[in-house]
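One structure below.
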Amino acid sequence: MQALVIVAHGSHLNPDSSAPTYDHADTIRDVDAFDEVKTGFWKEEPSLREVLRTVESDEVFVVPMFISEGYFTEQVIPRELRLDGWDVSEWDSDGLSASHATLTASDTNQRVHYCGPVGTHESMTDVLVRRAESVTGDPTVGTGFGLAVVGHGTERNENSAKAIEYHADRIREMDRFDEVQALYMDEEPEVDDVADYFESEDVVVVPLFIADGFHTQEDIPEDMGLTDDYRTGYDVPAEVDGHRIWYAGAVGTESLMADVVLERAAEAGADVGDAVEVVRKRTRGSPAAGD
Amino acid sequence: MHAGQLDALVDAADGGDGVDFDGLRAGRDGDAFQFRTPHTERADLSEAEFREVAESNPWYVSNWFYWTREVGPEAGAADDEDRHTAIRDGSNARRAFLRWAERADDHGVPERYEALADGVTREWGQLCVTATVGDHGERRYHLRHVADADADADLSSLDVYAAPHEARSIVTYDEKGRYRPLKTAPTLRDGWAFPDLDGRSLVETVDVVYPATIPNWYREREGCLDVTHWDETAERQTGIYDIVDELDEEAVEWIAESCCVDSQCLKRRMWDADEETELDTDRGDGVFPCREPCSLVVAAARKWTTLEREESRTYEFELTPSEKEQVEEIIDAVAEGRTDEIREADVYEGANRYRARFLRAKQFDDEGNLSGTPTGDE
Ligand code: SF4
């Protein structure tokens, strides 16, 4: 028996934080690729300390719903899951390349394939593009459009900026959008000045965040000038300094994210059959999770 | 009982150690079969006779089949050491829970089947689990809120669900629409039912409502619940929670009293200040144990750690005796979550809104300082 456990941050204050994790778990549960699909959280229940106890399988694939490698993926999750002998060198990563490591959870004796975070997986690039498609309602969106990938910034973790640059570069290489730019909340180039960084009239702005919350729902829309007060909402697209800004909200709520989770597990050795293709097909055209 | 179950029993009696389960014993000695229950004892049976006897004891057969074939056999621990360091909760916990649900450890098969015909009901936190048995011994489970336990068997007044994960829509918000960060808070809303679950989906649904309570309860029953006390939990914290190990034992007592008592959380607190130092606060009466301070408590403790760093100062306030009592009543009403229950016009209650507004109008200056006394810089 093999199980998938998706681990995420969660929140004591806001149910939106865990909503995408539940949605993606449901999508994967529906394609029957695993005997069990469970979720565990730092701030919600079951806690990371106890989630493995809720799993009957001996073989467990753990995929972190985090954007970057760093404090949570390197310290908190392995410690709380009690992954015996974990050392970050197991991932042999440059901050972007963590794939997986196989360890034993001392609490339950299960074999745990601990995967790198979803945010640094190459297929996350496709999710960013899909997000642009879903927010514009145009599956061919690209020509005449600019795309901004927005990250938190280096204040907390330099790997987080690496992930933003990585995906921005990859989208640029696709030659699909007229312009692609990485922007940040806390450092230059800042999302506040989004209009200055683009010549295209239409700009899709996608925050590389797992869940919608304070930053994606309040800070970023206000900083970009989409609205003076997030509570009054904003249009999509909204006019800002002569540009039409298509603000997409957190990429993690895009239903195609389930595919990234599956790919992480498959690369760690999970037998997922044709689930990846099925998820790709099913999540296309279905409304984005959380919308 | 159906034919497949009987065939399975013949096979099982025929092979290996035979069958010994819930009072049913069946096996083979040479060419002859035996069939035994607390009420029947037959030996020297041909296979045809064995089938006939088994057929006249259908409950024992279908009960054996349900527990060993559908729920799955009990998995033994690899060895004793394994039991205590790393116990396999998984399927054993599920099985133990389902047996608990029908009181399998307390009653023999005939009493149980008779009881299951009407439904055996047990409480798990605010959940009410009813087990019933079908024609072939298959168990079906019905789940609803304890507050709806007496609601008519007809489901018309309840929202009916089928799939375990649909329970998320019930557990996320309380009846006032507020987010429930602690799943075991006694604020589960009522008015819903899962009327027809099999064993596996029952356990899954309970796990959505009260995550990880079944495996921890199971470990406790097996005598190997691992408790992580406050000191160890605090010690383990890093990042912004690193500071919580500064709290002294008295403050830890206040934490348990604030968060872990039955009025706030249905888990039975098993953790203490440390291995040697029990807290005085009541552990609670919950069915399922709490094996370590939860993330909500750790997060709250972080705030309390910073608050407890402050030195106390002396302030001078002039309050009438009734005003002092009123302040006490307000704190009490907020702490107990009673403010909503205080009627608009009930000015006899200290925490009545008009009373509080009167006190504020009289005692606060324009900056919101009580008695006009500034808080000071610290
Ligand atoms: S520490 Fe345990 S008993 Fe206390 S509130 Fe958290 S879950 Fe409940």
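Residue numbers (this note's numbering), protein chains in the order written: chain A, 1 to 291; chain B, 1001 to 1378.
Glycine included, each C-beta is placed from N, C-alpha and C at the ideal position.
Just so we're clear, the structure is a prediction, and the values are computed from it rather than from any experiment.
{"Query": "Inter-stretch contact (C-beta, 8 Å, three-pair minimum) for the segment 55-70 of chain A and the segment 261-268 of chain A", "Result": "yes"}
{"Query": "beta-carbon residue 1269 of chain B near ligand 1 non-hydrogen atom, thresh 6 Å", "Result": "yes"}
{"Query": "Between the CA atoms of residue 1192 of chain B and residue 1158 of chain B - distance to the nearest angstrom", "Result": "5 Å"}
{"Query": "Completely contained alpha helix (DSSP H) runs for the segment 1053-1127 of chain B, where each covers 4 or more residues", "Result": "1058-1065, 1080-1085, 1090-1101 and 1109-1118"}
{"Query": "Min CB distance residue 1179 of chain B to chain A below 7 Å", "Result": "yes"}
{"Query": "Coil, strand or helix - residue 1254 of chain B by DSSP", "Result": "helix"}
{"Query": "Any alpha helix (DSSP H) of 4 or more consecutive residues that is wholly inside the segment 221-285 of chain A", "Result": "257-267 and 275-283"}
{"Query": "Touch test, the segment 196-215 of chain A against the segment 9-17 of chain A, Cβ-Cβ under 8 Å, three pairs minimum", "Result": "yes"}
{"Query": "Distance CB(residue 95 of chain A)-CB(residue 162 of chain A) smaller than 7 Å", "Result": "yes"}
{"Query": "Interface positions of the segment 118-135 of chain A facing chain B (Cβ-Cβ less than 9 Å), listed along the chain", "Result": "none"}
{"Query": "Beta-carbon proximity list for residue 1093 of chain B, same chain, < 6 Å, skipping 5 on both sides", "Result": "1214, 1215 and 1218"}
{"Query": "Residues of its chain near residue 139 of chain A, where Cβ-Cβ distance is below 6 Å and the 5 sequence neighbours each way are ignored", "Result": "133"}
{"Query": "Residue 1321 of chain B: first and last residue of the uninterrupted alpha helix (DSSP H) it sits in", "Result": "1321-1335"}
{"Query": "Residue(s) in a DSSP beta bridge with residue 104 of chain A", "Result": "A:111"}
{"Query": "Listed by chain order, chain B residues near residue 54 of chain A by CB distance under 7 Å", "Result": "1207, 1211, 1212 and 1215"}
{"Query": "Residue burial classification, residue 1082 of chain B (beta-carbon count within 10 angstroms, cutoff 16)", "Result": "Because the pLDDT at residue 1082 of chain B is just 49, under 50, the model does not fix this residue reliably, and the point stays unresolved."}
{"Query": "Residue 1293 of chain B Cβ short of 6 Å to ligand 3 heavy atom set", "Result": "Questions concerning ligand 3 fall outside what the structure shown contains, since the ligands it does hold are ligand 1."}
{"Query": "Identified DSSP bridge partners for residue 140 of chain A", "Result": "Note: residue 140 of chain A sits in no beta bridge, so no partner."}
{"Query": "Beta carbon proximity, residue 1245 of chain B to chain A, threshold 7 Å", "Result": "no"}
{"Query": "Cβ of residue 1322 of chain B within 7 Å of any chain A Cβ", "Result": "no"}
{"Query": "Against chain B: residues of the segment 62-82 of chain A by CB proximity under 8 Å", "Result": "71, 75, 76 and 79"}
{"Query": "Where residue 1210 of chain B sits in the DSSP three-state scheme", "Result": "coil"}
{"Query": "Start-to-end residues for the alpha helix (DSSP H) that takes in residue 1362 of chain B", "Result": "1353-1363"}
{"Query": "Distance between beta carbons of residue 1105 of chain B and residue 1099 of chain B, contact taken as under 8 Å", "Result": "6 Å"}
{"Query": "Burial state of residue 1181 of chain B, where buried means 16 or more other Cβ atoms lie within 10 Å", "Result": "buried"}
{"Query": "Chain B contact for residue 1 of chain A (CB, 7 Å cutoff)", "Result": "no"}
{"Query": "Neighbour list for residue 22 of chain A in chain B, Cβ cutoff strictly below 7 Å", "Result": "1168"}
{"Query": "Sub-7 Å separation of residue 76 of chain A and residue 112 of chain A beta-carbons", "Result": "no"}
{"Query": "Proximity test, residue 60 of chain A beta-carbon vs ligand 1 heavy atom, cut-off 6 Å", "Result": "no"}
{"Query": "Partners in chain B for residue 159 of chain A, counting only beta-carbon separations shorter than 8 Å", "Result": "Here the premise fails: no neighbours, minimum Cβ distance about 16 Å."}
{"Query": "Residue-level contact to chain A via CB, residue 1371 of chain B, 7 Å cutoff", "Result": "no"}
{"Query": "Close Cβ partners of residue 1285 of chain B (< 8 Å) along its chain, the five nearest in sequence each way excluded", "Result": "1262 and 1268"}
{"Query": "Min CB distance residue 1172 of chain B to chain A below 7 Å", "Result": "yes"}
{"Query": "7 Å Cβ cut-off: residues of chain B touching residue 46 of chain A", "Result": "1211 and 1212"}
{"Query": "Chain A contact for residue 1296 of chain B (CB, 7 Å cutoff)", "Result": "yes"}
{"Query": "7 Å Cβ cutoff, residue 1267 of chain B in contact with chain A", "Result": "no"}
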